[in-house]
Structure formats: C-alpha cells, structure tokens
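Student: One structure follows; several queries about it will come next.
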Amino acid sequence: MRKQKDIHLYTAPTSNGWKPIIFMEEAGVEYDLTSIDFDKREQKTPEYLKLNPNGRIPTIVDRTNNNFVVFESGAILWYLAEKYDKFLPKNPNDKSLTLQWLMFQMANIGPMMGQAMYFQRIAAKLGEEHPFPIKRYVKESRRLMEILNTHLEGRQYLVADEYTIADIATYPWARAHYWAKVSVDGLPHLKAWLHRIDNREATQRALEIPEPFWAFFGKGDIEESECKNAERFKGDV
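With positions in the sequence shown counted from 1, the corresponding number in this note's numbering is that position plus 529.
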C-alpha cells in the first residue's frame, strides 16, 4: 500500500496554482497531488468546497497536522515556508520584507494582471470587448512591473538576495506578462530576474505539473489555448 505524503495538494496549471508546486519542487518535499479539472468544474463540487469555501485553487491539506487545511496561495506559501523552514529569511526585518513583497503580489500583481488577462483573453474572445478596462488593467500591470524593475536594480532576488516565497509567488505572474499583453520592454532588471529564475531547474519542472500551459508564456498553439480557456468562462459573460 502506497504511503501517503505529508502534504496533499489540490491545484491546476495557473499562475496561482503553480506557487505551492514551485515551493515543493524547490524544497524537495514529496507531496500527493490532485489535479483539479476546471472543465468539469471540480473546484465547485461540495467535497472541494468543504476544503476551500471560495471554490478556487490551490488548497493544501497537512496530514501531519490533523488534516489542517490551508487555502489562498499566499497563505499556503507562508505556511509551507514556516513548516519546512525554507525560503523565508531568518532575519526579522528580511522576514517582514518577504511578507511585504508577498502581499504586494497578492494584492496588486495578481488581481491587476488577472483582470488584464480576463478582459483580453476571455471576455474579448467571447464577444465582450471593452477598451476602457483593458487599458486600465494593462496600464496598471505595467506600472507594477516597473516597480519590480526598480526594486530589482542591483538585487538578485526580491529580498536579501536569496530566493524566497516572495519570488515564488511573483514569478509565475510576472513570467506570464505575455498572456496579459503587458510589455516588459525597457525593464532590464525585471528581465534579468525572470531569466535568473528561468534557469532554476526545480522551478521550471514545477511549471509542467500537473500539466504545462505554455500559452501563458507565449509558446505553443496560442489560438487553441485561448479558445479552450475562454470556453470555461462562457457562462460568465
């Protein structure tokens, strides 16, 4: 009989969904994985909603902690960082800075780029093209990329020149700038940071789990991926 791993992860191939996978692959932590199928709306089943009342991914269950459930990707990263003592600086100020940049991603980069993606890759594809919100979210996303670029000047990573959960949270969103149609031209420090993480084997391995979605990064059959992705939201517009 196969031994259960300490962490059971429920996720899907999205910028948020890859975050705990990146952590686990980088940390060398074994985990059980349940791939959530959006086409079947598995994230809305009664069983899953008992774990995550918001009906979103990712979610983890820590079997070593009385099956303690953690949802929200940023909270999951913080929980895992403390549990495994990985990717979280020991210095109190650096630890606080890591939390600040983690929250910056959660409160700003994710929501703004997510809306830029939605209005351009989903709503417009389904016949609901609205120039004003597209301009708004693309412009704001670009501003956030500029903030990252300025902060990264002279730095290897976001905090204390070490790879932390702030980088893990931010990378899959910033790396998907193509899908949000947000230019990173003229942002050399951001590009260097992306390239640096592109070269991390464990992080790149994580982007293929549970399956790759290369269209996020401007690879593969963009048109087919865009149509398939938009179809999932057909009832929302």
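The C-beta atom is built at its ideal place from N, Cα and C for all residues, glycine as well.
Let me check you understand the geometry: is the CB of residue 646 closer than 6 Å to at least one non-hydrogen atom of the ligand ADP?
Tutor: Summarising the ligand content, the structure contains no ligands, and the ligand ADP is consequently not present.
Student: Quick check on DSSP: helix, strand or coil for residue 599?
Tutor: Correct three-state label for residue 599: strand.
Student: Output needed for residue 600: all residues of its chain with C-beta closer than 6 Å, excluding positions within five of it in sequence on either side, in chain order.
Tutor: Cβ neighbours of residue 600 beyond the five flanking positions: 581, 588.
Student: According to the neighbour-count rule (16 or more other Cβ atoms, all chains shown, within 10 Å of its Cβ), is residue 574 buried or exposed?
Tutor: Under this definition residue 574 is an exposed residue.
Student: Where does residue 590 fall in DSSP's three states?
Tutor: Residue 590 falls in the strand class under three-state DSSP.
Student: Counting Cβ pairs closer than 8 Å, one from the stretch 712-726 and one from the stretch 654-662, do we hit at least three?
Tutor: Touching, no.
Student: Does the beta-carbon of residue 548 have 16 or more other beta-carbons within 10 angstroms, so that it is buried, or is it exposed?
Tutor: Per the 10 Å Cβ criterion, buried.
Student: Could you check what DSSP says for residue 562 in three-state terms: helix, strand or coil?
Tutor: The answer is strand: DSSP assigns residue 562 an E or B state.
Student: Apart from the five residues just before and just after residue 686, which ones in its own chain have a Cβ nearer than 6 Å to its Cβ?
Tutor: Result list for residue 686: 692, 696, in chain order.
Student: Along the chain, where does the alpha helix (DSSP H) containing residue 679 start, and where does it finish?
Tutor: Where residue 679 is concerned, the enclosing alpha helix (DSSP H) stretches over 660-681.
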